[in-house]
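In what follows, a structure is listed as structure tokens, so that the remarks can point back to it.
Numbering (our numbering), first residue to last: 3 to 128.
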């Protein structure tokens, strides 16, 4: 992602929240940490920019980002929760050998979700 700090701030503000320097730094850290980071990964990258950021602040901020749709949580069996800033429809692949999580873009995913919703009456959320 190449969003500037001001663009990140606007993304947070547009959802009705204050764009504090720590929130902006944590969102940047989610992207800089690489593919589907854990809370520990995000904390480590955020501390590179702001050594005062606590682990509790990262937990609370990531929880907020989940609520407002800036990140999604991914449950990886046998591993810590991972977080994905890619919130548009896609598939997350998990390597059975090393546990790496990778995005897979699937152009027909939206039409599949629409078909499931139409047939079941449910809303596909992930």
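Glycine included, each C-beta is placed from N, C-alpha and C at the ideal position.
{"query": "Could you compute how far the alpha carbon of residue 21 sits from the alpha carbon of residue 94?", "result": "29 Å"}
{"query": "Quick check on the burial criterion: 16 or more other C-beta atoms within 10 angstroms. Buried or exposed for residue 61?", "result": "exposed"}
{"query": "Is it buried or exposed for residue 83, if we count other Cβ within 10 angstroms and need 16 for buried?", "result": "exposed"}
{"query": "Short of 8 Å in beta carbon distance, which residues of its chain neighbour residue 69, apart from the five on each side in sequence? Order them along the chain.", "result": "none"}
{"query": "Please classify residue 1: is it buried, with 16 or more other beta-carbons within 10 angstroms of its beta-carbon, or exposed?", "result": "The structure shown has nothing for residue 1, since the chain only spans 3 to 128."}
{"query": "Output needed for residue 55: all residues of its chain with C-beta closer than 8 Å, excluding positions within five of it in sequence on either side, in chain order.", "result": "24, 27, 28, 45, 48 and 49"}
{"query": "Would DSSP call residue 67 helix, strand or coil?", "result": "helix"}
{"query": "Skipping 5 residues on each side, what residues in its chain have a beta carbon closer than 8 Å to that of residue 9?", "result": "none"}
{"query": "Assign residue 14 to one of two classes, buried (16 or more other C-beta atoms within 10 Å of its C-beta) or exposed (fewer than that).", "result": "buried"}
{"query": "Are there 16 or more other CB atoms within 10 angstroms of the CB of residue 116, so buried, or fewer, so exposed?", "result": "exposed"}
{"query": "Specify the secondary structure class of residue 7 as computed by DSSP and reduced to three states.", "result": "helix"}
{"query": "Measuring CA to CA, which of 107, 31, 81 and 17 is closest to residue 53?", "result": "31"}
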